[in-house]
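As given, the protein sequences belong to chains U and Y, one line each in that order.
Each residue of the first sequence is one higher than the one before, starting from 986 at the first, in my numbering.
Each residue of the second sequence is one higher than the one before, starting from 3 at the first, in my numbering.
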Amino acid sequence: MRVIFFIAALASILSVALICLFLFAQGIPAMSEIGVFKFLFGEVWKPNADPQQLGILPMILGSVYITGGAIIVGVPIGILVSLFMAKMCPKPLYRFLKPAMNLMAGIPSVIYGFFGMTVLVPLVKDIFGLPQGDSILTASVLLGIMILPTVITIAETNLRAVPQELYEGAVALGASHERAVFKIVLPAARSGVLAAAVLGVGRAVGETMAVRMVAGNQTLMRMPYDFLKGVRTLTANVIMEMNYAVRGSLHDRSLIATGVVLFVFILIINSLFSMLNADKKERTRKKRITQSGSAGEEGGEAR
Amino acid sequence: MSGKSAFFKKKKPSDWARFIAVWGAGMLTVSVLVYFIGFILVKGVPNLSAGLFVFDDPKQLSLLPPLIDTLILVGFTLLITAPFGVFTAIYLVEYASRGSRLVRIIRVTTETLAGIPSIVFGLFGYIFFVGWLGWGKSVLAGGFTLAVMILPLIIRTTEESLKSIPDSFREGAFALGAGRLRTVLRVILPSAVQGIFAGVILSVGRIVGETAALIYTIGSVFDHPVSLASPARTLALHVFTLAAEGFHREQAYATAVVLLIIVIGINFLSSFAERRFTKSLNR
């Protein structure tokens, strides 16, 4: 039996190996065929034109803008809500809030996208008097909402891991509850809260369907001040064109290469997250040893 | 609450500002969620008609076939991934020596898998299962793609359940002469089953809601799949197709409501199972 358990345990190693192997094996040659520089920094994406132009800079920027916008919308609110949930909210309300956040994390992205299409897009269109409401702003707001539960859950877990003595010490020295929470507890959980933000960024970069439904998807170069215009992200590029790209053509493989670029971004973001989170785990373990309590780790973070 | 006394200290203006910011953010988030769910319900429920639940619909608007496809996909995916996930967790918690190099590699790869966005899984499934293995766009390819995707979720939740079983259970079983396998099968797993169940339900939620990983692996074809080799369309893909086409808003709302209700139900079931699990441990 031991052998069976062992073999099963190799499945995740095998999966990661296969994913890397197949993505890179198809993506890297395509990149070098187009020219790595021309691919990453090319400003024109015209797969069907003659001559074919396959530059994904507009999409890289699109992902950066929308993710940046989602950070501006989602991270400050997320951190405030996590403070609320960890330190300020009355218990009965918490019993409602916690499942509500789990639910928010579990709502499928198509439904978010559909909500964005039917509510946010017309709203942005009306407020700014635009011909079309699909824009960087719309996608940023929607993604900001979507990353909230991720940011909140992780930040809350980390805030709760801060030893209570720090808080008590601050209060004993005369600090008010709010002051102790903001000036002592929050800074003490710094790296964990940052990790929460980073994980939120990871989710925002990788989000596909919802973004595809509200971002407009134009493959044009945009500047940050074009936030009322539409843009296409790396993810949307893959999902939109995979359907009609001829299998095995350079177009098709350049889409896989787009996926590779996305994958590399995600790997960087995730290792950043584990680095920041490892720091917190170390401290939590020390705390556990001293208190020998059995504070079960929260199993939130649904996706 | 130990914060009570400090809570009622006299607040300075700066404290009031913090107080309002935190409560405001909390209320804002809740109202967004309530508005969001309310909006989908209000728009969708009136559009739920009997016509949406017919088995054969030439206009491809009925949500019954996608619902059936979704159930098939959920069953198939769990069949592949649940044994792998649970066995991996058993190996990590009960067998492997903690901190060994292999365990570290398994941890890192599991974490990596957990962080990969679904579009990348979709791309991989499209290249590997659909193309390289020649399965075509099918329930088979879609199921395997999702199996890889939810593997880390099942591993993690099972691991947590196993870890929360007190060591005294293991020691007791060993003391009574049970071997490791017997201990795992007769003592540990029965006590952890509720927790494992909660994790499995959570992954059902992910399968039900997935679109990006499925669209190029399962195919989004509105039809009754005759075998695992035929393409299909899940509810989430159905919502996407209806919404993206833009001609059938009413049906899209109605389908979104059904999907949302399923997801809410799954969520409640999962947290219910988790609560029962923690309770059974504390008894």
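Just so you know, even glycine gets a beta-carbon here, dropped at the ideal spot from N, CA and C.
Test: residue i CB closer than 8 Å to a CB of chain U
i	result
N269(Y)	yes
R342(Y)	For residue 342(Y) there is no data in the structure shown, the boundaries of chain Y being 3 and 285.
L148(Y)	no
I108(Y)	yes
S154(Y)	Just to set this straight, residue 154(Y) is Pro in the shown sequence, not Ser. It does: the Cβ of P154(Y) has a partner Cβ on chain U nearer than 8 Å.
V281(Y)	Note that residue 281(Y) corresponds to Lys in the displayed sequence, not to Val. No, because no Cβ of chain U sits closer than 8 Å to the Cβ of K281(Y).
A1(Y)	The requested residue 1(Y) is not part of the displayed model; chain Y covers only 3 to 285.
G5(Y)	In this predicted model, G5(Y) has a pLDDT of only 48, less than 50, meaning its place in the structure is not dependable; the value taken from the coordinates is given anyway. Yes, contact with chain U.
G183(Y)	At residue 183(Y) the sequence reads Leu, which differs from the Gly that was named. Cβ-Cβ to chain U under 8 Å: yes for L183(Y).
I198(Y)	no
F242(Y)	yes
I203(Y)	no
G174(Y)	no
G207(Y)	yes
I190(Y)	no
C-beta neighbour in chain Y for residue i, strict 8 Å
i	result
A1085(U)	yes
P1093(U)	yes
E1141(U)	no
S1125(U)	no
V1106(U)	no
G1244(U)	yes
L1128(U)	no
V1066(U)	yes
G1136(U)	The question names Gly, but residue 1136(U) in the sequence shown is Val. Cβ-Cβ to chain Y under 8 Å: no for V1136(U).
L1133(U)	yes
V1029(U)	no
M1073(U)	yes
R1044(U)	Just to set this straight, residue 1044(U) is Met in the shown sequence, not Arg. No, M1044(U) does not count as interfacial toward chain Y.
M1227(U)	yes
V1223(U)	yes
G1284(U)	Residue placement at G1284(U) cannot be trusted, given a pLDDT of 38 that sits under 50; what the coordinates show is reported in the next sentence. By this cut-off, G1284(U) is an interface position.
I1041(U)	no
Element boundaries [alpha helix (DSSP H), containing residue i]
i	result
M1089(U)	1076 to 1091
P1148(U)	First-last for P1148(U): undefined, no H or E at that position.
S236(Y)	Going by the sequence as given, residue 236(Y) is Thr instead of Ser. Looking at the DSSP string, T236(Y) is not in any alpha helix (DSSP H), and its letter there is neither H nor E.
A23(Y)	15 to 46
A258(Y)	251 to 284
Y1050(U)	1042 to 1068
V1196(U)	1194 to 1199
F1099(U)	1094 to 1100
H1162(U)	1162 to 1165
K1214(U)	Premise fails: K1214(U) is in no alpha helix (DSSP H) and is neither H nor E.
V988(U)	987 to 994
F126(Y)	120 to 127
F1026(U)	1021 to 1026
S1176(U)	1175 to 1191
K1110(U)	1106 to 1113
Heavy atom of the ligand ZN within 7 Å of residue i beta-carbon
i	result
A245(Y)	This structure lacks the ligand ZN; in fact it carries no ligand of any kind.
Cross-chain neighbours of residue i in chain C, by beta carbon under 7 Å
i	result
A238(Y)	Of the protein chains in this structure, namely U and Y, none is chain C.
Give the residues from the region 26 to 47 of chain Y that approach chain U closer than 7 Å (Cβ to any Cβ), ordered along the chain.
A27, G28, L30, T31, V32, V34, L35, F38, F41, I42
Contact set between the region 111 to 134 of chain Y and chain U, restricted to residues whose Cβ is under 9 Å from the partner | T111, T112, E113, T114, L115, A116, G117, I118, P119, S120, I121, V122, F123, G124, L125, F126, Y128, I129, F130, G133, W134
Next on the checklist: Residues of the region 1178 to 1204 of chain U in Cβ contact with chain Y at a cutoff of 9 Å, in chain order, please.
Outcome noted: L1184, G1187, R1188, V1190, G1191, E1192, T1193, M1194, R1197, M1198
Could you pull out every unbroken beta strand (DSSP E) segment of at least 3 residues lying fully inside the region 145 to 219 of chain Y, listed in chain order?
Listed in chain order, nothing qualifies, since the region 145 to 219 of chain Y has no complete beta strand (DSSP E) run of 3 or more residues.
Margin query: Across the region 74 to 93 of chain Y and the region 148 to 161 of chain Y, are there enough close Cβ pairs to call them in contact, namely three or more that are closer than 8 Å?
Written below: yes
Exercise for review: Pull out every residue of the region 251 to 276 of chain Y whose Cβ sits closer than 9 Å to any Cβ of chain U, in chain order.
Suggested key: R251, A254, Y255, A258, L261, L262, V265, I266, I268, N269, F270, S272, S273, E276
### Task
Could you list the residues in the region 1013 to 1026 of chain U with a C-beta less than 7 Å from some C-beta on chain Y, going in chain order?
none
For this session: Scan the region 75 to 98 of chain Y for residues whose Cβ lies nearer than 9 Å to a Cβ of chain U and list them as they occur along the chain.
Result: For the region 75 to 98 of chain Y, which is checked against every Cβ of chain U, the residues closer than 9 Å are T83, P85, F86, G87, V88, F89, T90, A91, I92, Y93, L94, E96, Y97, A98.
When you compare the region 1047 to 1057 of chain U with the region 1118 to 1134 of chain U, are there three or more beta-carbon pairs, one atom per stretch, that lie closer than 8 Å? yes
Notebook entry, point to check: Do the region 1249 to 1264 of chain U and the region 1231 to 1241 of chain U make contact, defined as three or more Cβ pairs closer than 8 Å?
Noted result: no
- [ ] With 8 Å as the C-beta to C-beta threshold (strictly closer), list the residues of the region 209 to 233 of chain Y near chain U in chain order.
- [x] V210, G211, E212, T213, A214, I217, Y218
May I ask you to list, following chain order, the residues of the region 1046 to 1057 of chain U that have a beta carbon less than 8 Å from some beta carbon of chain Y? Within the region 1046 to 1057 of chain U, no residue has a Cβ that lies closer than 8 Å to any Cβ of chain Y.
| Taking a cut of 7 Å between CB atoms, which residues from the region 986 to 1016 of chain U lie near chain Y? | M986, R987, I989, F990, F991, A993, A994, A996, S997, I998, S1000, V1001, L1003, I1004, F1007, L1008, Q1011
Which of the residues in the region 1152 to 1165 of chain U, read from start to end, lie with their CB under 8 Å from any CB of chain Y? Y1152, E1153, V1156, A1160, S1161, H1162, E1163, R1164, A1165
### Query
So, do the region 139 to 149 of chain Y and the region 62 to 82 of chain Y have three or more beta carbon pairs nearer to each other than 8 Å?
yes
* To do: State whether the region 123 to 132 of chain Y contacts the region 1015 to 1022 of chain U, with contact taken as three or more CB pairs (one from each stretch) at a distance under 8 Å.
  => no
| message | So, does the region 1063 to 1075 of chain U touch the region 15 to 32 of chain Y, judging by three or more C-beta pairs under 8 Å? | response | yes
Next on the checklist: Taking beta-carbon pairs under 7 Å, can you tell me which members of the region 1206 to 1221 of chain U lie near chain Y?
Outcome noted: T1220
- Item | Interface positions of the region 1252 to 1263 of chain U facing chain Y (Cβ-Cβ less than 8 Å), listed along the chain | L1252, I1254, N1255, F1258, S1259
Please go through the region 45 to 111 of chain Y and give each complete alpha helix (DSSP H) segment of 4 or more residues, from N-terminal end onward.
Counting only unbroken stretches of 4 or more residues, the alpha helix (DSSP H) elements lying wholly within the region 45 to 111 of chain Y are 66 to 92, in sequence order.
**Asked** Do the region 16 to 26 of chain Y and the region 1147 to 1167 of chain U meet, that is, are 3 or more Cβ pairs less than 8 Å apart?
**Response** yes
According to a CB-to-CB cut-off of less than 9 Å, which residues of the region 12 to 26 of chain Y neighbour chain U? K12, K13, K14, S16, D17, W18, A19, R20, F21, A23, V24, W25, G26
_Across the region 1190 to 1206 of chain U and the region 112 to 120 of chain Y, are there enough close Cβ pairs to call them in contact, namely three or more that are closer than 8 Å?_
Touching, yes, given that three or more Cβ pairs across the two stretches are closer than 8 Å.
Subject >> the region 1132 to 1146 of chain U contacting the region 278 to 285 of chain Y, beta-carbon criterion three pairs below 8 Å >> reply: no
Looking at C-beta atoms only, is the number of pairs between the region 1226 to 1235 of chain U and the region 221 to 234 of chain Y that lie closer than 8 Å three or more? no
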